[in-house]
Each structure stands twice: as structure tokens, then as C-alpha cells.
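Peer 1:
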DNA sequence: GAATTAAGTCAACATGACTGACATAAATGA
DNA sequence: TCATTTATGTCAGTCATGTTGACTTAATTC
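Protein chains in written order, with this note's numbering: chain A, 1 to 191; chain B, 1 to 191.
Spelled out as C-alpha cells, the structure:
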């Protein structure tokens with residue numbers, strides 16, 4: 001297991017390092033900040049383009065990718081968890097989830113403790129598709145982290161975490177470890 | 001003028017700093033990289049939520065925000081520039097642009113050199129709306145950069161730039177300076 | 001046993017993408 | 001000058017994905 005969680009458990013203490021001396025460092029002009037907004041837009045625009053192109057060949061869209069990603073990475077999660085992560089309605093999720101189930105990429109099993117819950121698992125082909133969709137994104141991320149220079153991994157991680165709504169961060173941190181696996185070890189394979 | 005472009009003109013030379021010694025640093029596991037993909041999704045999800053809520057009150061959507069942002073920040077840009085930045089079709093843009101023009105947030109003027117071109121400018125109310133939409137995003141960005149720690153500005157900038165498709169980066173760098181202003185100083189006000 | 005909860009479904013609708021075809025005006029080039 | 005290309009706009013239809021609101025079923029909890 002990698003030390004993937006270290007940066008999470010050691011957030012930079014802005015308050016402490018933020019003496020009256022470093023005022024100029026934190027007062028950023030609107031123009032400068034707008035540049036980051038624009039960069040983020042472009043980055044996200046291109047980040048989604050490769051998988052989008054692949055998805056078209058399967059008759060799927062970006063929504064399917066998102067669902068398949070979370071189900072694969074957090075195998076065994078509940079429908080409610082998915083809804084909370086995606087921040088969409090049950091009906092929106094229902095449509096794409098049904099298609100993924102019908103086409104054999106995802107299976108549902110009743111929870112063993114609470115049998116009302118439908119835990120979601122990827123099938124072998126679901127896992128394969130998720131991998132294929134993620135591949136260009138992983139290359140892009142690896143190259144971008146490298147291009148960003150030494151220390152980028154920690155800083156980019158803290159930056160992105162801080163961009164998330166404060167009340168969501170605890171959830172993200174916990175969902176962040178691969179497969180919380182309420183039912184297995186994260187390699188659960190079904191059907 | 002700030003030194004906003006310094007990080008752009010001094011990209012980190014990954015090749016040079018990338019001796020055989022630092023092999024372990026660049027070989028990132030898929031699981032670790034997937035964490036960044038997920039963080040980016042959450043960050044973008046929340047980044048757009050505040051303006052989306054404001055837009056609803058105006059009968060606009062996220063597409064309107066994007067158009068208004070680029071027209072305000074790069075006042076005087078051509079329709080073709082906008083299409084290239086947004087990577088959407090003329091028809092998609094036409095719809096939202098028409099609404100923004102009809103409601104008095106954007107005006108169009110024929111180019112002085114090439115009169116086929118329609119250069120786009122924000123009106124006073126367009127500028128005001130753009131500012132209001134950007135406000136929560138600027139706060140979020142400022143806080144995230146601060147939370148990311150010292151050096152975050154440069155590293156995050158390089159990271160996001162490298163996330164953009166290579167062939168798009170030159171365009172972004174040039175559009176990156178506030179208002180390329182083919183017609184003015186970037187503060188052009190019309191009608 | 002009643003109330004709550006997790007999930008699914010039906011129906012209608014809005015937004016913002018898309019394709020394809022065509023129109024207009026201005027610039028460009030032979 | 002005339003034909004072609006370019007920049008923009010528009011009509012028409014479709015699709016993907018989000019929304020609201022109402023309702024059902026099954027299982028859990030009080």
C-alpha cells in the first residue's frame with residue numbers, strides 16, 4: 001500500500017504559517033484568481049474529452065462514466081452513497097444505472113445487514129471498461145503532476161481538497177481510500 | 001500589472017530534474033492517480049455550484065456563465081474565439097449568446113478591420129453579473145491556494161496548464177493575459 | 001403495528017449539447 | 001470582375017442528462 005494518505009493527514013496549517021509578515025502573498029488580485037478559474041475550466045474540459053470519445057462507441061455518456069468510476073473504485077457502495085457523491089437526483093441516477101446494469105457492467109446485491117440497501121459492484125467487463133476510460137486520464141494526471149514539479153503531489157492534493165465544500169471534505173477523505181468495502185476487500189467480483 | 005505570467009514563462013523542466021535517481025517519485029500507482037481524478041471531479045462539482053445557484057435567479061444556466069466570463073475577461077473577442085475556447089458548436093453558442101444579447105448583458109460590434117467579424121463586449125450590467133458570478137469562485141480559489149501552502153500558486157498553475165491538451169496550451173497562454181483586446185485596453189465599454 | 005427509510009418508477013419538463021442544411025455578407029484570389 | 005472562401009447566423013430535429021412531483025414496494029425501526 002502506498003503512502004497515499006499522508007498528505008491528507010498532514011494538511012498545511014495556513015493559520016500558523018500566516019503571520020502578518022506574509023500579507024502580500026495571500027492578497028491575490030481578482031485578475032490573477034480569474035486566471036486559475038479559466039485554467040480549471042480548460043483543464044476539466046480536456047480531462048473529460050478522451051473518455052467521452054470512448055464512451056460514444058458504447059452508447060454511453062459522461063454520466064455513465066461517473067457511475068462506473070465510483071462503483072469500480074468504491075465497490076459495494078450503496079445507491080445513497082452514489083447520489084451523495086454525484087449530487088444528482090435519484091431519477092437521474094436511475095436512468096444511467098439501469099443501462100449499466102442492463103448491459104452487464106454493474107450488478108446489484110441486497111445488503112447483508114440492511115436488506116433494503118442495494119450494494120453496487122462492477123462486473124468483469126465493468127471493471128475493464130472503467131480501466132479503459134481511466135487510462136488516458138491517468139496518463140494525463142501523471143504527466144501533469146510531473147510537469148508541475150517537485151512537491152506537486154502534496155500541493156495539488158491540498159489545493160483540490162480545499163476547493164471542495166468544507167462540509168463535503170470529511171466524506172471525500174473517507175471515500176478517498178480505495179474501496180471502503182462494506183462487504184469485502186475492494187476486489188469483490190460478482191456474477 | 002502583476003507578475004502573473006512568471007510561472008508561465010518558467011515552466012518546471014521535468015526532463016532535467018528527472019534523473020535516474022528519482023524513479024520512485026514519478027512512478028505513481030493507478031490508485032493514487034485515480035484519487036486525483038476523483039478530487040478533480042469533486043472540486044469542479046463544487047466550484048460550479050455557487051454561480052449555478054445565482055444563475056437560476058436570472059433564468060440563465062452554466063453555459064451563459066461561461067460565455068459571459070470569456071466575453072468579460074477577453075472583451076472584444078470574436079465569436080470564433082469563443083467557439084474555440086468552449087469547444088461547442090456554433091448552434092449551441094448561438095442560443096445562449098442571443099439570450100445574453102437580448103437581455104442586454106453583451107453587445108456585438110462589427111470588427112473594424114474585418115467587418116464580417118462580430119466582436120463581443122460586455123455591457124455594464126454584463127460586467128456586473130460576471131463579477132457577481134465570479135465572486136464566490138474567487139474566494140474559493142484564494143482560500144484553496146492558501147490552504148495548499150507556499151508555492152502553491154506556481155505549482156497549481158503548472159499542473160492545470162499541463163492538464164490541458166498540448167495543442168491548446170499556446171492558445172491558452174495567450175488568452176491567459178487579461179483581455180487580448182483587439183480593439184481596446186480591455187476596459188472597453190459599449191452602449 | 002405504525003412510521004420511517006432505501007430504493008425504484010412514471011410522467012413531464014428544461015438545459016445544453018449534437019447533426020445537417022442553408023442564408024447572408026464581407027473578404028480574398030484568380 | 002466574378003468565383004470562392006470565410007465569419008456568422010439560423011431553422012429544424014435529436015439526444016443526454018439534469019430537474020420536480022407523485023407514488024410504490026420492501027425492509028427496518030420505534
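Think of the CB as a built atom: it goes at the ideal place given N, C-alpha and C, for glycine as much as any other residue.
Since the model is a prediction, treat every value here as computed from it, not as a measurement.
So, does the CB of residue 155 of chain B fall closer than 8 Å to a CB anywhere in chain A?
Peer 2: True, the Cβ-Cβ gap to chain A drops below 8 Å.
Peer 1: Compare the C-beta of residue 115 of chain A against all C-beta atoms of chain B and say whether one is closer than 8 Å.
Peer 2: Not one chain B Cβ lies under 8 Å of residue 115 of chain A.
Peer 1: Since residue 65 of chain B contacts residue 55 of chain B with CB under 8 Å, what's their CB separation in whole angstroms?
Peer 2: Contact flag correct, Cβ pair sits at about 6 Å.
Peer 1: If you count every other CB in all the chains shown that lies within 10 Å of the CB of residue 139 of chain B, and 16 or more means buried, which is it?
Peer 2: That one is exposed.
Peer 1: Is residue 45 of chain B closer than 8 Å to residue 52 of chain B when the C-beta atoms are compared?
Peer 2: No, Cβ-Cβ distance for residue 52 of chain B and residue 45 of chain B is not below 8 Å.
Peer 1: What residues in the region 44–60 of chain B have a beta carbon less than 8 Å from any beta carbon of chain A?
Peer 2: Those residues of the region 44–60 of chain B that come within reach of chain A (Cβ to Cβ, closer than 8 Å) are 44, 45, 46, 47 and 49.
Peer 1: With DSSP run on the structure shown, which of helix, strand or coil describes residue 172 of chain A?
Peer 2: Correct three-state label for residue 172 of chain A: helix.
Peer 1: Going along chain A in order, which residues have a C-beta closer than 8 Å to the C-beta of residue 151 of chain B?
Peer 2: Going along chain A in sequence order, the residues near residue 151 of chain B (Cβ under 8 Å) are 151 and 155.
Peer 1: Have a look at A:79, A:69, A:150 and A:157 and flag the residue whose alpha-carbon is nearest the alpha-carbon of residue 114 of chain A.
Peer 2: Comparing Cα-Cα distances from residue 114 of chain A to each of A:79, A:69, A:150 and A:157, the minimum goes to A:79.
Peer 1: Three-state secondary structure (DSSP) at residue 136 of chain A?
Peer 2: Here residue 136 of chain A sits in helix by DSSP.
Peer 1: Quick one: which chain B residues come within Cβ less than 7 Å of residue 164 of chain A?
Peer 2: Residues of chain B passing the Cβ test: 42, 43 and 46.
Peer 1: Answer yes or no: do residue 155 of chain B and residue 148 of chain A have a C-beta to C-beta separation smaller than 8 Å?
Peer 2: In contact: residue 155 of chain B and residue 148 of chain A (Cβ atoms closer than 8 Å).
Peer 1: Are the beta-carbon atoms belonging to residue 37 of chain A and residue 99 of chain B less than 8 Å from one another?
Peer 2: No.
Peer 1: According to DSSP, is residue 54 of chain A part of a helix, a strand, or is it coil?
Peer 2: In the structure shown, residue 54 of chain A sits in a helix (DSSP, three-state: H, G or I).
Peer 1: Given that a residue counts as buried once 16 or more other Cβ atoms are within 10 Å of its Cβ, and exposed if not, what is residue 102 of chain B?
Peer 2: That one is exposed.
Peer 1: Measuring straight from C-alpha to C-alpha, what distance separates residue 29 of chain A and residue 123 of chain B?
Peer 2: Between residue 29 of chain A and residue 123 of chain B, the C-alpha separation is close to 22 Å.
Peer 1: When you check each C-beta in the region 126–153 of chain A against every C-beta of chain B, which residues fall closer than 8 Å?
Peer 2: Under the 8 Å Cβ criterion, the region 126–153 of chain A contributes 134, 137, 138, 140, 141, 142, 143, 144, 145, 146, 147, 148, 149, 150, 151, 152 and 153.
Peer 1: Using DSSP with H/G/I as helix, E/B as strand and the rest coil, what is residue 115 of chain B?
Peer 2: Three-state result, residue 115 of chain B: coil.
Peer 1: From which residue to which residue does the alpha helix (DSSP H) around residue 155 of chain A run?
Peer 2: Here the alpha helix (DSSP H) through residue 155 of chain A covers 152–163.
Peer 1: Closest by CA to residue 57 of chain A, which one among A:129, A:172 and A:86?
Peer 2: Residue 57 of chain A has its Cα closest to that of A:129, out of A:129, A:172 and A:86.
Peer 1: Cα separation between residue 33 of chain A and residue 142 of chain B?
Peer 2: So the two alpha carbons sit approximately 7 Å from each other.
Peer 1: Could you tell me which residues DSSP pairs with residue 121 of chain B in its beta bridges?
Peer 2: B:107.
Peer 1: Mark residue 75 of chain B as exposed unless 16 or more other C-beta atoms lie within 10 angstroms of its C-beta, in which case mark it buried.
Peer 2: It is buried - the Cβ of residue 75 of chain B has at least 16 other Cβ atoms within 10 Å.
Peer 1: With 16 other CB atoms within 10 Å as the buried threshold, where does residue 89 of chain B fall?
Peer 2: Burial call: exposed.
Peer 1: Residues of the region 83–101 of chain A with a CB closer than 7 Å to any CB of chain B: list them in chain order, please.
Peer 2: Going along the region 83–101 of chain A in chain order, one finds 87 with a Cβ nearer than 7 Å to chain B.
Peer 1: Against residue 36 of chain B, what residues of chain A qualify as contacts under a CB-to-CB distance less than 8 Å, listed in chain order?
Peer 2: The contacting residues are 141, 145, 156, 157 and 160.
Peer 1: In its own chain, which residues sit with a C-beta less than 6 Å from the C-beta of residue 118 of chain A, not counting the 5 before and 5 after it?
Peer 2: Excluding sequence neighbours, residue 118 of chain A sits near 79 and 108.
Peer 1: According to DSSP, simplified to helix, strand and coil, what is residue 195 of chain B?
Peer 2: A question about residue 195 of chain B goes unanswered here, because the residues of chain B that appear run from 1 up to 191.
Peer 1: Between which two residues does the alpha helix (DSSP H) holding residue 63 of chain B run?
Peer 2: Residue 63 of chain B -> alpha helix (DSSP H) spans 62–73.
Peer 1: Using a Cβ-Cβ cut-off of 7 Å (strictly less than) and excluding sequence neighbours within five positions of residue 70 of chain B, which residues of its own chain qualify?
Peer 2: Around residue 70 of chain B: 77, 82 and 85.
Peer 1: Buried or exposed for residue 134 of chain B, please, with buried defined as at least 16 other CB atoms from any protein chain shown within 10 angstroms of its CB.
Peer 2: The residue is buried, with at least 16 neighbouring Cβ atoms inside 10 Å.
Peer 1: Excluding sequence positions up to five away, which residues of its chain have a Cβ less than 8 Å from the Cβ of residue 164 of chain B?
Peer 2: Closer than 8 Å at Cβ, skipping near neighbours: 172.
Peer 1: Starting from residue 98 of chain B, trace the alpha helix (DSSP H) in both directions and tell me its first and last residue.
Peer 2: Run containing residue 98 of chain B: 90–102, per the alpha helix (DSSP H) assignment.
Peer 1: Use the C-beta contact count for residue 166 of chain A: other C-beta atoms within 10 angstroms, 16 or more gives buried, fewer gives exposed.
Peer 2: The residue is exposed, with fewer than 16 neighbouring Cβ atoms inside 10 Å.
Peer 1: Does DSSP put residue 78 of chain B in a helix, a strand or coil?
Peer 2: Correct three-state label for residue 78 of chain B: strand.
Peer 1: From residue 104 of chain A to residue 41 of chain B, what does the alpha carbon distance come to, in whole angstroms?
Peer 2: Between residue 104 of chain A and residue 41 of chain B, the C-alpha separation is close to 25 Å.
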